[in-house]
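In terms of mature numbering (1 follows the signal peptide of the UniProt record, and there is no 0), the sequence shown is residues -22 to -1, 1 to 265.
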Amino acid sequence: MGSFTKALVVSLFVGFLAVKWTSPSFNAESLRGARVLVTGASTGIGEQLAYHYAKSGAQIVITARREAMLQQVVEKCMDLGAQKALYITADMGNVLDPERVVDFALEKLGGLDYLVVNHIGPSPFTMWEGDVEHIRWLMQVNFYSHVQMAWRAFDSLEQSKGSLIVVSSLLGKQSSPFVAPYSSTKHTLNGFFGSLYHELSIKKSNISITICTLGLIDTEAAMEKVRNIAMLPAYPATDAALNIITAGATRQPELYYPWFTYIVTVTKDWTPSITNFILQYVFTQRS
């Protein structure tokens, strides 16, 4: 890496920190009584999102496929201080379920202040071998359902000056081996909601959109996939969740967590040969 590139990277890092330091401060009390819908909330980041909202005294509806796990999360949310905590089971691979979930939340909460679309479908961490049907299904779960839910909630979010929080991934900005189906859905997600952000701004809409770019998070599902395959650091789900909530509450257009995901996003096209070498180095071949 040349001296110019090093200086540029350092400058970007300093600029990123400056933006973080000057961003609006977060007051957890502002979430008291807020009406929140969180998807993919039976485990992982979604579960931690529910707990943080509960601690702030929000009214919460959570959804996922597994009822028993949702029941446990709801019980803990009430123990942590949620004003209200409800669940609805749903399969986002079913084209009818995304809108059904939003309708349930609107009915039970009387409207929405925050819609947090966090769910993803399972996808193998392996080289792609031509399974087109899996990609079609994954697009429904990881992309189309997000769009359906956003559109269904828009009128309520407009009235409440609410926020749409889209949980995405660094793999939606930087392609990597073994994740072609997943990465394609996240690229699509970023493209759609990035365009929608501009359209809402042009219309002077009351709705804010926050797109969250996450690195590797230490959820059970993620760690099971990369164990013995990728040499990458993992970051805590509870910290990721709190950063997501803070970014949404302060109406930031983007969140990068951990911080270096921003550097990767900005610099990946400057030195593509170096980026590609690093990506292929950190992944080991399956035996």
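Glycine residues also receive a C-beta, built at the ideal position from the N, C-alpha and C atoms. Values in this document were obtained by computation on a predicted structure and should not be read as measured data.
Worksheet item: To the nearest whole angstrom, what separates the beta carbons of L9 and A36, a pair I think is in contact under 8 angstroms?
Response: Yes, they are in contact, since the Cβ atoms of L9 and A36 sit about 5 angstroms apart, within 8 angstroms.
Worksheet item: Would you report the Cα separation of I223 and S123, rounded to the nearest angstrom?
Response: Cα to Cα, the separation comes out at about 21 angstroms.
Worksheet entry | beta strand (DSSP E) segments (min. 3 residues) lying fully within the stretch 87 to 157 | Within the stretch 87 to 157, the complete beta strand (DSSP E) segments at least 3 residues long are 92 to 95 and 141 to 147, listed from N- to C-terminus.
Discussion item. According to DSSP, is I186 part of a helix, a strand, or is it coil?
Written reply: Residue identity check: residue 186 is Ser in the sequence provided, not Ile. Annotated three-state conformation of S186 is strand, per DSSP.
Worksheet entry | Pairwise C-alpha distance: R130 and E77 | Using only the alpha carbons, I get a separation of about 6 angstroms.
Item to complete: Output the distance between the C-alpha atoms of V125 and V51, rounded to the nearest integer angstrom.
Response: One Cα belongs to V125, the other to V51, and the distance between them is close to 25 angstroms.
Fill in: Residue span of the beta strand (DSSP E) that contains K62, given as start and end
Segment K62 to T67, the beta strand (DSSP E) holding K62.
Discussion item. I'd like to know whether the C-beta atoms of Q26 and A219 end up nearer to each other than 8 angstroms.
Written reply: Closer than 8 angstroms, so yes.
Discussion item. I'd like to know whether the C-beta atoms of L93 and A128 end up nearer to each other than 8 angstroms.
Written reply: The Cβ-Cβ distance between L93 and A128 falls below 8 angstroms.
Fill in: Under 8 angstroms between C-beta atoms of N168 and S146
Their beta carbons are under 8 angstroms apart, which means N168 touches S146 by this criterion.
Worksheet item: What three-state label does DSSP hand L192 in the structure shown?
Response: Correct three-state label for L192: strand.
Worksheet item: With A215 and I23 assumed to form a contact (beta carbons below 8 angstroms), what rounded beta-carbon distance in angstroms separates them?
Response: Contact flag correct, Cβ pair sits at about 5 angstroms.
Practice prompt. Note down the Cα distance separating G193 from D217, rounded to an integer number of angstroms.
Written response: Distance between the alpha carbons of G193 and D217 is about 12 angstroms.
Worksheet entry | Supposed contact pair V14 and N96 - C-beta distance, whole angstroms, cut 8 angstroms | Not a contact, Cβ separation roughly 12 angstroms.
Discussion item. Quick check: what's the CA-CA separation for T239 versus Y213?
Written reply: Distance between the alpha carbons of T239 and Y213 is about 12 angstroms.
Item to complete: Can you check DSSP and say which residues form a bridge with Q26?
Response: Answer is none; Q26 lacks a bridge partner.
Worksheet item: Got a sec, what are the start and stop residues for the alpha helix (DSSP H) A7 sits in?
Response: The amino acid occupying residue 7 in the given sequence is Glu; Ala does not appear at that position. In the DSSP annotation of this structure, E7 is not part of any alpha helix (DSSP H), being labelled neither H nor E.
Practice prompt. Output the boundary residues of the beta strand (DSSP E) element that contains T17.
Written response: Boundaries of the beta strand (DSSP E) around T17: R13 to T17.
Fill in: Y213: first and last residue of the uninterrupted alpha helix (DSSP H) it sits in
No alpha helix (DSSP H) holds Y213; DSSP gives it neither H nor E.
Fill in: Nearest-angstrom Cβ-Cβ length linking L149 and V157, presumed shorter than 8 angstroms
About 6 angstroms separates the two Cβ atoms, so the contact holds.
Worksheet entry | Bounding residues of the alpha helix (DSSP H) (the contiguous stretch that carries Q230) | For Q230, there is no enclosing alpha helix (DSSP H), as DSSP marks it with neither H nor E.
Practice prompt. Can you grab the Cα-Cα spacing for the pair I143 / F255, in whole Å?
Written response: Rounded to the nearest angstrom, the gap between the Cα atoms of I143 and F255 is 33 angstroms.
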